[in-house]
Amino acid sequence: MTRTYFKNASKRVKILAIVPAIIIVVAVVIMLILAMRGPSVTIENRQIRISGLYGQTIDFDEVKSVALLEKSMGEMDSGTRINGVGGFGQTLLGYFNSRSLGETVLFVQAKTSPTIWIECEGRRDVYISYGDSQKTRDLYETLRTIN
């Protein structure tokens with residue numbers, strides 16, 4: 063009887079070790095998929111809403127300007143990641159601190175241009191670019207009407 067108990071205990075220990083590892087792997091895969099999709103941006107109720115990981119809601123009153131920069135974030139100084147995703151593929155997502163740009167929130171594909179710059183008052187500036195340049199330009203055309 064003692065021998066059977068230890069044999070079953072060994073199986074329990076293996077299961078207790080494997081299940082958390084599987085949960086962690088699944089969680090990381092889900093986060094990476096969400097990061098790669100890019101942000102969803104909507105404009106409603108005098109706000110810019112950026113959904114997804116590190117989502118933001120920016121009131122129109124906080125927007126100083128919206129500009130389309132004909133550079134990729136890779137050509138600019140994205141800086142150091144404070145809290146976010148960076149270094150995985152070309153996605154830079156989250157909070158960054160740059161010597162030249164200051165404290166920013168990035169939702170960009172590092173090697174794709176152009177990049178939208180939403181200059182904000184009283185909060186971090188926001189940069190957005192998609193893997194599809196035309197999608198970035200279309201979003202800019204929508205955003206530039208808020209000023």
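Residue numbers for the sequence shown, in my numbering: 63 to 209. Note that beta-carbon positions come from the ideal geometry of N, C-alpha and C, so glycine has one too.
> Thr204: which of Gly136, Arg111, Lys133, Asn145 sits nearest, CA to CA?
Replying inline: Translated into the one-based positions of the sequence shown, residue 204 becomes position 142. Looking at the Cα atoms, Arg111 is the closest of the given residues.
> Along the chain, which unbroken stretches of the alpha helix (DSSP H) at least 4 residues long are found entirely within the stretch 84-139?
Replying inline: none
>> Please report the straight-line C-alpha distance between Ser134 and Phe158, rounded to a whole angstrom.
In response: For the purposes of this step, residue 134 is taken as residue 72 along the sequence shown, with counting starting at 1. For the purposes of this step, residue 158 is taken as residue 96 along the sequence shown, with counting starting at 1. Whole-angstrom Cα-Cα distance: 16 Å.
> Within this structure, are the beta carbons of Leu201 and Val103 separated by less than 8 Å?
Replying inline: Numbered from 1 along the sequence shown, position 139 holds the residue referred to as residue 201. Numbered from 1 along the sequence shown, position 41 holds the residue referred to as residue 103. Yes, these two residues count as a Cβ contact at 8 Å.
> Under the three-state reduction of DSSP, which class applies to Thr204: helix, strand or coil?
Replying inline: Within the sequence shown, numbered from 1, the residue matching residue 204 stands at position 142. DSSP places Thr204 in helix when its eight states are reduced to three.
> What are the complete beta strand (DSSP E) segments, minimum 3 residues, inside the stretch 163-193?
Replying inline: Counting only runs of 3 or more, we get 164-171, 177-182, 187-190.
> Can Arg161 and Gly141 be called in contact, C-beta distance under 8 Å?
Replying inline: Taking the first residue of the sequence shown as 1, we reach residue 161 at position 99. Taking the first residue of the sequence shown as 1, we reach residue 141 at position 79. Contact check for Arg161 against Gly141 passes: the beta carbons are separated by less than 8 Å.
> My guess is that Leu168 and Tyr189 are in contact by the Cβ rule of under 8 Å, so how many angstroms apart are they, rounded?
Replying inline: The count along the sequence shown starts at 1 and reaches residue 168 at position 106. The count along the sequence shown starts at 1 and reaches residue 189 at position 127. At roughly 5 Å, the Cβ-Cβ gap stays under 8 Å, so Leu168 and Tyr189 are in contact.
>> Between which two residues does the beta strand (DSSP E) holding Gly156 run?
In response: Working through the sequence shown from its first residue, we reach residue 156 at position 94. Taken as a continuous stretch (DSSP letters only), the beta strand (DSSP E) holding Gly156 covers 153-160.
> When you compare only the Cα positions, how much space is there between Leu131 and Ile86?
Replying inline: For the purposes of this step, residue 131 is taken as residue 69 along the sequence shown, with counting starting at 1. For the purposes of this step, residue 86 is taken as residue 24 along the sequence shown, with counting starting at 1. The straight-line gap from Cα to Cα measures roughly 38 Å.
> Around the Cβ of Ala89, are there at least 16 other Cβ atoms within 10 angstroms (buried) or fewer (exposed)?
Replying inline: On the sequence shown, residue 89 is found 27 positions in, with the first residue counted as 1. That one is exposed.
>> Using only the alpha-carbon positions, how far apart do Ile180 and Asp121 sit?
In response: Here residue 180 refers to the residue found at position 118 of the sequence shown. Here residue 121 refers to the residue found at position 59 of the sequence shown. Answer to the nearest angstrom: the Cα atoms are 12 Å apart.
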